[in-house]
Amino acid sequence: MSLEELRNQIDSFDDQMLEILNKRMDVVKQVGELKKQTQTVIYRPEREKQIVDRLAAANNGLLNRAAIEAIYLEIFAVSRNLELPERIAYLGPEGSFTHQAAESRFGAMSDYLALPNIRSVFESVDTGRARFGVVPIENNLEGIVKETIDLLNETDLKIVSEVVISVHFTFATKAEKLSDIKRIYSKDIAFGQCERFLNDYFGGKEDDFFVQVDSTSKAAKLAGLETDSAAICSHIAAKLFDVPILFDNIQDSAQNRTRFFIIGKDFINQKSGNDKTTIIAKLPEDGKPGTLVRFLQEFESQGINLLKIESRPVKEGEQFNFWFLMEFDGYFLDESVQKIMAKHASEIKWLGSYVKTI
1 MSLEELRNQI
11 DSFDDQMLEI
21 LNKRMDVVKQ
31 VGELKKQTQT
41 VIYRPEREKQ
51 IVDRLAAANN
61 GLLNRAAIEA
71 IYLEIFAVSR
81 NLELPERIAY
91 LGPEGSFTHQ
101 AAESRFGAMS
111 DYLALPNIRS
121 VFESVDTGRA
131 RFGVVPIENN
141 LEGIVKETID
151 LLNETDLKIV
161 SEVVISVHFT
171 FATKAEKLSD
181 IKRIYSKDIA
191 FGQCERFLND
201 YFGGKEDDFF
211 VQVDSTSKAA
221 KLAGLETDSA
231 AICSHIAAKL
241 FDVPILFDNI
251 QDSAQNRTRF
261 FIIGKDFINQ
271 KSGNDKTTII
281 AKLPEDGKPG
291 TLVRFLQEFE
301 SQGINLLKIE
311 SRPVKEGEQF
321 NFWFLMEFDG
331 YFLDESVQKI
341 MAKHASEIKW
351 LGSYVKTI
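According to the UniProt record's numbering, the sequence shown is numbered sequentially starting from 1.
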């Protein structure tokens, strides 16, 4: 079969897919009308997971699960915008990895608010200026984001879902040759995580060759304005500011990943069958030894797998007291989880049960 014949086949399939997608969106719009009448939440992560699971199980072609998920996440995002356009707040600036995480779930068509700090994202969701917020919670190399944990304690917002993205840095420049580059812009942490690349290609340069700025997005913006400069930035930032990518995946570690929380107000997920629950535990300060150990042993006795425990200072009084953020497998209405939550009702704050990603 000739190349032209193969291309004609592809065009025919594209026409069929477009027709089917439009039919799907017609049904989505009807679903949106029903949800408006019943005031049902539009974003249902557990339903999206069920669809991807079903399609991956039924698949017998060349697409793997990751490819199916990538395609359908964008379809889901377009569908939600047809049902009810929703504003999404995220830790900015534009082109940040948080922006990338937000777009991975809400698509390119959503209305986004890039905000200067994590607290402003929480306030935007809490006041209703945005329906959802996207904030970082931890990086597997750098650790936990303390401000996010503290604000989950201070506010009544809930965790809607978690998003995990691999952190890949790109080297973007408008320079024709490496020798034309007079300076490289980036954030301090990005310089540190791309040290081997910089030593290989720019070893021996003076310190003022490497210019630290507030964000990798700002680095990309500056590199877009200067033909003799470059930026270490995210792929989305290079695309946003129209800076050609010369090298991709220049980070030292291929395992660099960041987890984000999508937060919402008055939000409860339905059970998916593969859930994670996050709580805050403020145990009694009775001075008795073993209080934390006994509390943790209750999870073991109920057969609940603990995934994470982080301590944070109470910040009240003169004593060194702490509260704990905890994550574990299961849904908050599971009988085993309810036994613990009922027993410690005055000591536990439930932050959300959501589809488990990692």
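Just so you know, even glycine gets a beta-carbon here, dropped at the ideal spot from N, CA and C.
First through last residue of the beta strand (DSSP E) which encompasses residue i
i, result
"V355", "I348 to V355"
"I184", "R183 to S186"
"T155", "Careful: T155 lies outside any beta strand (DSSP E) and carries neither H nor E."
"L240", "Element bounds for L240: not the beta strand (DSSP E) but the alpha helix (DSSP H), H235 to L240."
Reduced DSSP category for residue i - H, G, I as helix; E, B as strand; rest coil
i, result
"V134", "strand"
"L325", "strand"
"P116", "coil"
"D275", "strand"
"S65", "The sequence shown places Arg at residue 65, rather than the Ser named in the question. Looking at R65 - three-state DSSP - the assignment turns out to be helix."
"D228", "coil"
"S215", "coil"
"S127", "Going by the sequence as given, residue 127 is Thr instead of Ser. Reduced to three states, the DSSP call for T127 is coil."
"L283", "coil"
"G143", "strand"
"A58", "helix"
"L307", "strand"
"A342", "helix"
"N8", "helix"
"Q37", "helix"
"D53", "helix"
"Y43", "coil"
"Q270", "coil"
"M1", "coil"
Between the CA atoms of residue j and residue i - distance to the nearest angstrom
i, j, result
"F197", "D208", "18 Å"
"S246", "A223", "One point to set straight first is that residue 246 is Leu, not Ser, in the sequence displayed. Cα-Cα distance, rounded: 12 Å."
"N274", "Y354", "8 Å"
"N22", "E226", "43 Å"
"I280", "E206", "48 Å"
"E310", "W350", "15 Å"
"Y43", "R80", "7 Å"
"K315", "N321", "8 Å"
"E33", "A238", "38 Å"
"N305", "Y112", "36 Å"
"S12", "L62", "19 Å"
"E5", "D334", "56 Å"
"Y185", "G192", "13 Å"
"F299", "I71", "38 Å"
"G133", "I250", "29 Å"
"N269", "Y201", "48 Å"
"W323", "K356", "24 Å"
"N8", "D15", "11 Å"
"D172", "T278", "First, the residue type needs correcting, since residue 172 is Ala and not Asp in the sequence shown. Distance between the alpha carbons of A172 and T278: 39 Å."
"R131", "I118", "15 Å"
Bridge partners - residue i, DSSP secondary structure assignment
i, result
"E162", "F261"
"R312", "W323"
"A89", "L113 and G133"
"A220", "The partner list for A220 (beta bridge, DSSP) is empty, contrary to what the question assumes."
"A172", "A231 and I245"
"D210", "Before going further, note that residue 210 is Phe rather than Asp in the sequence given. Looking at the DSSP assignment, F210 forms a beta bridge with I184."
Limits of the alpha helix (DSSP H) - the one that residue i falls within
i, result
"Y201", "E195 to F202"
"F299", "T291 to S301"
"I250", "From DSSP, I250 is part of no alpha helix (DSSP H); its letter is neither H nor E."
"Q100", "F97 to F106"
Any chain C beta carbon closer than 8 Å to residue i
i, result
"F197", "In the structure shown, chain C does not exist; there is a single protein chain."
If you pair each beta-carbon of the segment 142–160 with each one of the segment 261–270, do three or more pairs fall below 8 Å?
-> The answer is yes - the segment 261–270 touches the segment 142–160, with three or more Cβ pairs under 8 Å.
Given 8 Å as the limit, is there contact between the segment 293–312 and the segment 335–344, that is, 3 or more CB pairs closer than that?
-> Contact between the segment 293–312 and the segment 335–344 is present, because at least three Cβ pairs lie under 8 Å.
Are the segment 170–177 and the segment 42–59 in contact at 8 Å, needing three or more beta carbon pairs?
-> Verdict: no, contact absent.
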